[in-house]
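A.B. asks:
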Amino acid sequence: MTAQTMDKTPSTQVKALAPIAWKFPIVYTILALVSLIFFGLIGRDGETTFRVATGGDFFAIPDFAVSSTVAGLTLGILLIIMAAVSIYVAIKRIDLGSWFPMLFGVIFVLSFLAWAGGGSGGVIPLTTLLAGALALSVPLIFGAMCGLVGERSGIINIAIEGQLLAGAFLAAVVASVVKNPYAGLLAAPIAGALVAVVLTFFAVKYWVNQIIIGVVLNVLVVGITSFLYSTVLTQDPELWNSRQKLPNLPIPLLSDIPVLGRVLFDQNILVYIMYVVVIALQIFVFRSKWGLRMRAVGEHPKAADTVGIKVNFTRVRNTLLAGAIAGLGGAFFTVGSGLAFGKEMSAGQGYIALAAMILGKWNPKGALFAALLFGFSKSLGNTLQSIGTPVANELLLMLPYIVTVFAVAGFVGRVRPPAAEGVPYVK
Amino acid sequence: MTKVFGSFVANDHIDLTIEPGEIHALLGENGAGKSTMMNVLYGLYDADGGEILIDDKPVKFSGPGDAVAAGIGMVHQHFMLVPVFTVAESVALGYEPTKSLGLLDISEARKKVKEISSRFNFNIDPDALIEDLPVGAQQRVEIIKALSRDAEILILDEPTAVLTPQETDELISIMRQLKEQGTSIVFITHKLREVRAIADSITVIRRGKIVGEASPESTETELASQMVGRAVSLTTEKDAADPGDATFQVRGLTVVDKAENVVVDDVSFDVRRGEILAVAGVQGNGQTELAETIIGLIEPRLGTITLDGKKLVGDSVKDRLGAGIGFVPEDRSTDGIIAEFAIRENMILDVYDREPYAKGLNMRSKVISEEAKKKVEEFDIRLGSVSDPISTLSGGNQQKVVLSRELGRDLRLFIASQPTRGLDVGSIEFVHKRVIAERDSGTPCIIVSTELDEVYGLADRIAVMYAGRIVGIVGPETSREALGLMMAGVPAGEALEATAGTTSTDGAANQAEGTESAAASAKPASSATEPADDDSATTSAEETK
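Protein chains in written order, with the working numbering: chain A, 2 to 428; chain B, 35 to 579.
(1) Look at the alpha carbon of B:ASN380 and the alpha carbon of B:GLU364, and state the distance between them as a whole number of angstroms.
(2) For A:ALA410 and chain B, any beta-carbon pair shorter than 7 Å?
(3) Would you say B:GLU515 faces chain A, with C-beta separation under 7 Å as the test?
(4) Report yes if the CB atom of A:TYR44 is closer than 7 Å to the CB atom of A:SER68, and no otherwise.
(5) Which residues in chain A have a C-beta closer than 9 Å to the C-beta of B:HIS110? List them in chain order.
(6) Below 8 Å on C-beta distance, what does A:GLU162 contact in chain B?
(7) In the DSSP assignment, find the beta strand (DSSP E) that holds B:ALA59 and state where it starts and stops.
(8) Verify whether the separation of the beta carbon atoms of B:PHE361 and B:ILE339 is less than 7 Å.
(9) Which chain B residues sit within Cβ distance under 9 Å of A:LYS180?
(10) Quick check: the Cα distance between A:ALA117 and A:VAL336, rounded to an integer number of angstroms?
(11) I'd like to know whether the C-beta of A:GLU300 is nearer than 7 Å to at least one C-beta of chain B.
(12) The stretch 103-128 of chain B: which residues have C-beta closer than 9 Å to a C-beta of chain A, in chain order?
(13) Counting along the chain, where does the alpha helix (DSSP H) carrying B:SER152 start and finish?
(14) With distances taken from CA atoms, which of A:LYS93, A:PHE113 and A:ILE156 is nearest A:PRO425?
(15) By Cβ distance below 6 Å, which residues in the same chain neighbour B:LEU530 in space, the five residues on each side in sequence not counted?
(16) Determine whether the beta carbon atoms of A:ARG288 and B:LEU137 lie at a separation below 7 Å.
(17) Please state whether the Cβ-Cβ distance between B:THR281 and B:ARG307 is less than 7 Å.
(18) CB B:VAL297 to CB B:GLU256, shorter than 7 Å?
(19) Spatial neighbours of B:GLU186 within its chain, please: C-beta separation below 8 Å, excluding the five flanking residues on both sides.
(20) Could you check if A:PRO253 is buried or exposed, using at least 16 other CB atoms within 10 Å of its CB as the buried criterion?
(21) If you compare alpha carbons, which of A:GLU239, A:VAL175, A:ILE258 and A:TYR352 is closest to A:ILE212?
(22) With a Cβ-Cβ cutoff of 7 Å, do B:VAL284 and B:SER302 count as a contact?
(23) Show which residues of chain A have a CB atom less than 8 Å away from the CB atom of B:PRO98.
(24) Helix or strand or just coil, what does DSSP make of B:VAL9?
(25) Please state whether DSSP places A:ALA66 in a helix, a strand or coil.
(26) Quick check: the stretch 222-232 of chain A against the stretch 197-206 of chain A, are at least 3 beta-carbon pairs closer than 8 Å?
(27) Would you say A:THR3 faces chain B, with C-beta separation under 7 Å as the test?
(28) Please report how far the alpha carbon of B:MET114 lies from the alpha carbon of A:ARG153, in whole angstroms.
(29) Roughly how many angstroms separate the alpha carbons of B:LEU61 and A:PRO190, rounded to a whole number?
(30) Would you say A:LYS366 lies against chain B (beta-carbon separation less than 7 Å)?
(31) Pull the bridge partners of B:ILE244 from the DSSP assignment, please.
(32) When the cut-off is 7 Å and only beta carbons count, does A:TRP291 lie next to chain B?
(33) Where do the N-terminal and C-terminal ends of the alpha helix (DSSP H) with B:THR255 fall, by residue?
(34) Compare the C-beta of B:GLY136 with all C-beta atoms of chain A and state if any pair is closer than 7 Å.
(35) Once you ignore the five residues that flank B:LYS272 on each side, which residues in its own chain have a CB closer than 6 Å to its CB?
(36) Keeping to the same chain, check which residues put their C-beta closer than 7 Å to that of A:ALA304; ignore five residues upstream and five downstream.
Put into structure tokens, the structure is as follows:
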């Protein structure tokens with residue numbers, strides 16, 4: 002009864018329209034013009050070859066070559082049309098959803114690739130580009146999952162970077178000593194969880210500001226691992242820090258699919274664990290008792306307390322679990338890629354994982370795509386470097402970070418973090 | 035039962051007996067210790083002494099879970115609901131029905147909500163998001179939560195603070211229904227009218243101690259003096275208004291929030307010199323935003339604000355203060371004061387850079403202290419020293435500091451949002467007197483209040499807001515029933531007509547009967563309200579000058 006009478010019926014909605022949002026149309030138009038003029042009109046002569054075959058495919062798709070100029074012109078005109086559409090929908094105040102920027106981004110990247118490959122007559126290895134993107138995304142995805150489990154429970158975890166590094170370190174050492182990469186895989190989550198123990202001890206028990214303790218932990222882990230690396234690991238690398246690689250386990254049939262099969266289903270077990278973690282979190286965060294309680298303590302801890310949920314215990318337990326997830330992600334740097342441990346080898350990926358979590362709006366699915374975007378931009382930088390383009394190497398190395406800043410600043414829109422994140426629960 | 039916080043005794047040897055199937059009212063002022071006591075009873079706080087007996091058996095609660103298991107349910111003053119959860123999820127939380135792997139059996143939870151909801155005619159959709167529900171419905175979700183755990187004793191902590199008069203009547207009939215089914219109810223409140231309407235027995239509590247039992251037949255004045263500990267006058271004394279020119283005008287004001295919801299919707303009104311316009315309405319219908327737009331904290335999308343012939347929209351807050359607006363914000367502790375600052379500093383937050391408090395780059399500490407002492411005298415502020423942090427003061431004295439600051443300048447307009455929220459009866463009397471004194475000195479005053487008693491006590495005219503619109507501007511002689519209907523969105527004309535038949539009384543019982551038909555007609559009426567109606571309401575109110 003009351004619910005009906007409370008229906009709000011604003012009468013001046015029509016008069017008081019929001020100002021037209023010009024931000025996106027302007028960005029689209031500039032990018033479309035850049036594409037048309039630089040990649041098309043004053044583009045470089047020559048052909049670009051897109052290679053999709055990797056050998057050993059079930060059936061081979063031939064390489065295809067396009068004229069750089071023609072591709073630049075065609076795609077540039079397509080982008081101009083899309084920019085025009087975006088202006089139209091902005092004036093009409095229609096919301097197109099997220100497929101529009103995605104499609105625009107894909108076309109722009111293709112147009113850029115056609116141009117970049119053109120002058121040098123280069124071959125763009127598409128499969129390698131995508132495989133690299135996935136590989137570079139794996140630690141990011143684990144890190145983002147760690148971040149979202151922690152923040153959904155109300156604990157801000159800046160220490161993902163440190164947890165990745167600790168996971169990478171312990172995985173390398175244990176795998177090397179035992180001479181079995183799978184042993185490293187078991188050790189990595191313990192390292193991540195240990196970092197989380199320190200984090201929750203100070204954050205939950207002593208109410209230390211969670212951002213500060215997170216940053217301090219990152220520095221601490223860098224210090225400890227670097228110290229041990231210089232003093233112990235380099236003394237006897239054969240014993241302590243030999244390369245151990247998780248073997249690839251191609252999934253029958255699925256791995257024979259051209260391009261994507263190679264990329265997704267001819268991987269080591271860590272990547273398959275990642276698939277399981279993401280899918281499981283997507284289901285359990287929103288549809289399980291565990292997830293409901295986790296979200297309750299992250300949104301409104303007092304409400305959870307009044308129904309008998311132990312708030313701080315729930316937070317600690319989930320943050321430790323999250324730490325273990327990040328530790329697993331760290332293992333990808335060493336046993337996952339078949340590399341020995343190196344100083345500071347996580348190289349800021351933990352912070353990018355946080356950005357992926359925010360861009361993914363604290364949803365496992367969203368964070369997955371955001372992490373893949375960052376991984377792809379880094380892989381793109383690597384590929385372009387290797388085929389040789391007129392763009393300076395330093396600029397290419399900056400690519401993933403530029404994408405991060407623009408993505409988080411511009412495309413996130415209205416996000417709502419868990420209401421009680423970072424706030425200690427004190428009775 | 036005894037509960038001590040530091041050196042402050044919140045509950046001092048309290049004995050309370052609740053019979054099965056009775057509605058027991060716990061009456062006391064803000065800060066008397068009612069909520070503390072119930073939180074002990076619900077297991078949220080540990081008691082420092084005493085014991086709890088259920089059916090003569092002593093019980094010990096180490097947390098709310100134990101209390102719930104013992105059959106105690108509680109509806110907190112600030113609802114314990116997660117805004118982003120659905121109703122079914124909120125009810126399930128803590129007692130989740132699960133399938134294999136710990137996955138939620140949400141259809142089971144839905145079924146439970148529907149079953150209880152239909153038993154009491156609550157009409158709650160189990161899949162609605164909590165944040166989309168009006169407060170009255172959220173409260174019913176809280177009651178469903180308690181009932182779904184087979185509560186035999188239901189504690190309602192200030193349940194009517196956030197409700198419209200109509201929603202309050204619905205709640206009262208729900209309480210009667212629960213009582214018939216054998217549930218005991220502890221009803222915590224400081225509102226005398228409700229206590230008399232519903233309670234079977236009344237316990238009055240003051241400064242942490244029980245000061246006596248009272249019967250529901252006692253008059254309001256008797257209850258009030260028992261609650262405060264001295265004789266109080268419940269009516270505010272004031273002379274008839276002698277309004278002058280309309281020096282403050284608002285025209286077509288429209289404010290849109292960040293999520294593009296229209297929160298103030300085409301609002302127009304005048305305030306004349308020497309009158310008080312009270313803005314009434316249920317919390318969250320645009321009053322806060324209206325007040326903040328006038329002072330300049332929010333920029334409106336459309337419309338004009340004019341003070342003494344000068345347009346204010348676009349001016350900074352500082353300019354508007356300079357133009358002579360005094361503003362008492364709604365949330366005293368976050369917007370009205372800076373808790374860590376000294377009392378004397380809080381008194382000059384708006385004029386710190388002016389003579390005589392400042393000279394060049396320096397603050398003149400001596401002058402500030404002297405002026406502060408004068409204000410302490412004038413406003414009867416109880417404190418140790420003016421250099422103590424303001425957080426050491428009680429709510430009533432903090433509000434007096436805010437008033438002394440805002441009324442300390444020569445004003446051309448005075449706005450106060452919820453000026454007496456959370457204050458004791460004595461401080462309320464004082465604040466009201468000062469506001470009336472300001473009116474009598476010729477300042478146009480706007481008082482935003484959700485308390486109808488305050489609205490009636492102060493207003494020369496009453497503007498009722500609903501869903502961002504001014505439903506109508508009426509005189510102070512309008513009945514409570516009519517105001518209540520207007521607060522639910524019924525236009526002034528219809529509301530007055532609908533309530534013309536019923537006699538205006540305090541009893542909520544006969545009011546409840548009228549609610550069914552009135553609320554049923556409310557929906558079409560509210561959707562039919564066009565801005566034109568607001569205008570005509572404004573003009574008709576102006577004609578009555």
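All C-beta atoms in this analysis are idealised placements derived from N, C-alpha and C, irrespective of residue type, glycine included.
C.D. replies: According to the data block:
(1) To locate residue 380 of chain B, count along the second sequence from 1; it is residue 346. To locate residue 364 of chain B, count along the second sequence from 1; it is residue 330. Between B:ASN380 and B:GLU364, the C-alpha separation is close to 16 Å.
(2) Working through the first sequence from its first residue, we reach residue 410 of chain A at position 409. Cβ-Cβ to chain B under 7 Å: no for A:ALA410.
(3) Taking the first residue of the second sequence as position 1, residue 515 of chain B is located at position 481. It does not: the Cβ of B:GLU515 has no partner Cβ on chain A nearer than 7 Å.
(4) Mapped onto the first sequence, residue 44 of chain A falls at position 43. Mapped onto the first sequence, residue 68 of chain A falls at position 67. The question names Tyr, yet the displayed sequence has Gly at residue 44 of chain A. Cβ distance not < 7 Å, so A:GLY44 and A:SER68 don't count as in contact.
(5) Locating residue 110 of chain B in the second sequence gives position 76, where the first residue counts as 1. Residues of chain A passing the Cβ test: LYS303, ALA304 and THR307.
(6) As a first step, residue 162 of chain A is located in the first sequence; it is residue number 161 there, counting from the start. What A:GLU162 touches in chain B: nothing, since even the nearest Cβ is about 29 Å away.
(7) Sequence index remark: in the second sequence, residue 59 of chain B carries index 25 (1-based). 57-61 is the span of the beta strand (DSSP E), which, as asked, contains B:ALA59.
(8) One-based indexing of the second sequence puts residue 361 of chain B at position 327. One-based indexing of the second sequence puts residue 339 of chain B at position 305. Not a contact, by the Cβ cut-off of 7 Å.
(9) For the purposes of this step, residue 180 of chain A is identified with residue 179 of the first sequence, where counting begins at 1. Correct list: empty, because the minimum Cβ distance to chain B is about 36 Å.
(10) Residue numbering aside, residue 117 of chain A sits at position 116 when the first sequence is read from its first letter. Residue numbering aside, residue 336 of chain A sits at position 335 when the first sequence is read from its first letter. Rounded to whole angstroms, A:ALA117 to A:VAL336 spans 34 Å at the Cα level.
(11) On the first sequence, residue 300 of chain A is found 299 positions in, with the first residue counted as 1. Judged by the 7 Å Cβ criterion, A:GLU300 is in contact with chain B.
(12) ALA103, MET108, HIS110, HIS112, PHE113, MET114, LEU115, VAL116, PRO117, VAL118, PHE119, GLU123, SER124, ALA126, LEU127 and GLY128
(13) Taking the first residue of the second sequence as 1, we reach residue 152 of chain B at position 118. From DSSP, the alpha helix (DSSP H) with B:SER152 extends over 140-153.
(14) As a working note, residue 425 of chain A is residue 424 in the first sequence. Of the candidates A:LYS93, A:PHE113 and A:ILE156, the one whose C-alpha sits nearest the C-alpha of A:PRO425 is A:ILE156.
(15) To locate residue 530 of chain B, count along the second sequence from 1; it is residue 496. Only ALA516 meet the Cβ criterion.
(16) Working through the first sequence from its first residue, we reach residue 288 of chain A at position 287. Working through the second sequence from its first residue, we reach residue 137 of chain B at position 103. In this structure, B:LEU137 lies closer than 7 Å to A:ARG288 by Cβ.
(17) Residue numbering aside, residue 281 of chain B sits at position 247 when the second sequence is read from its first letter. Residue numbering aside, residue 307 of chain B sits at position 273 when the second sequence is read from its first letter. Yes, these two residues count as a Cβ contact at 7 Å.
(18) Position 263 of the second sequence, counted from the first residue, corresponds to residue 297 of chain B. Position 222 of the second sequence, counted from the first residue, corresponds to residue 256 of chain B. It is not a contact, given that the beta carbons lie outside the stated cut-off.
(19) The residue labelled residue 186 of chain B in the question sits at position 152 within the second sequence. For B:GLU186, where only same-chain residues beyond five positions count, the Cβ hits under 8 Å are PRO54, GLY105, ILE106, GLY216, THR217 and SER218.
(20) Counting from one through the first sequence, the residue named residue 253 of chain A turns up at place 252. The residue is exposed, with fewer than 16 neighbouring Cβ atoms inside 10 Å.
(21) Residue 212 of chain A sits at position 211 when you count from the first residue of the first sequence. Here the closest residue by C-alpha is A:TYR352.
(22) Taking the second sequence and counting its residues from 1, the one referred to as residue 284 of chain B is at position 250. Taking the second sequence and counting its residues from 1, the one referred to as residue 302 of chain B is at position 268. The answer is yes: Cβ separation under 7 Å.
(23) Residue numbering aside, residue 98 of chain B sits at position 64 when the second sequence is read from its first letter. Simply ASP306, THR307, VAL308 and GLY309.
(24) Since the first residue shown for chain B is 35 and the last is 579, residue 9 of chain B is missing from the structure and cannot be characterised.
(25) By 1-based counting over the first sequence, the position of residue 66 of chain A is 65. Reduced to three states, the DSSP call for A:ALA66 is strand.
(26) no
(27) Your numbering for residue 3 of chain A matches position 2 in the first sequence. Any reading at A:THR3 must be qualified, since the residue scores a pLDDT of 40, below 50, and its modelled position is unreliable; the value itself is stated next. Yes, contact with chain B.
(28) Position 80 of the second sequence, counted from the first residue, corresponds to residue 114 of chain B. Position 152 of the first sequence, counted from the first residue, corresponds to residue 153 of chain A. Roughly 18 Å between the two C-alpha positions.
(29) In the second sequence, the residue the question calls residue 61 of chain B occupies position 27. In the first sequence, the residue the question calls residue 190 of chain A occupies position 189. Whole-angstrom Cα-Cα distance: 56 Å.
(30) Reading the first sequence from its first residue, position 365 is the one you call residue 366 of chain A. No, no contact with chain B.
(31) As a first step, residue 244 of chain B must be located in the second sequence, where it is residue number 210. Looking at the DSSP assignment, B:ILE244 forms a beta bridge with B:ILE239.
(32) Translated into positions along the first sequence, residue 291 of chain A becomes position 290. With 7 Å as the cut-off, A:TRP291 counts as an interface residue toward chain B.
(33) Taking the first residue of the second sequence as 1, we reach residue 255 of chain B at position 221. 254-262 is the extent of the alpha helix (DSSP H) around B:THR255.
(34) Taking the first residue of the second sequence as position 1, residue 136 of chain B is located at position 102. Judged by the 7 Å Cβ criterion, B:GLY136 is in contact with chain A.
(35) Taking the first residue of the second sequence as 1, we reach residue 272 of chain B at position 238. The residues are ILE470.
(36) The sequence position of residue 304 of chain A within the first sequence is 303, counting from 1. Cβ neighbours of A:ALA304 beyond the five flanking positions: ALA297.
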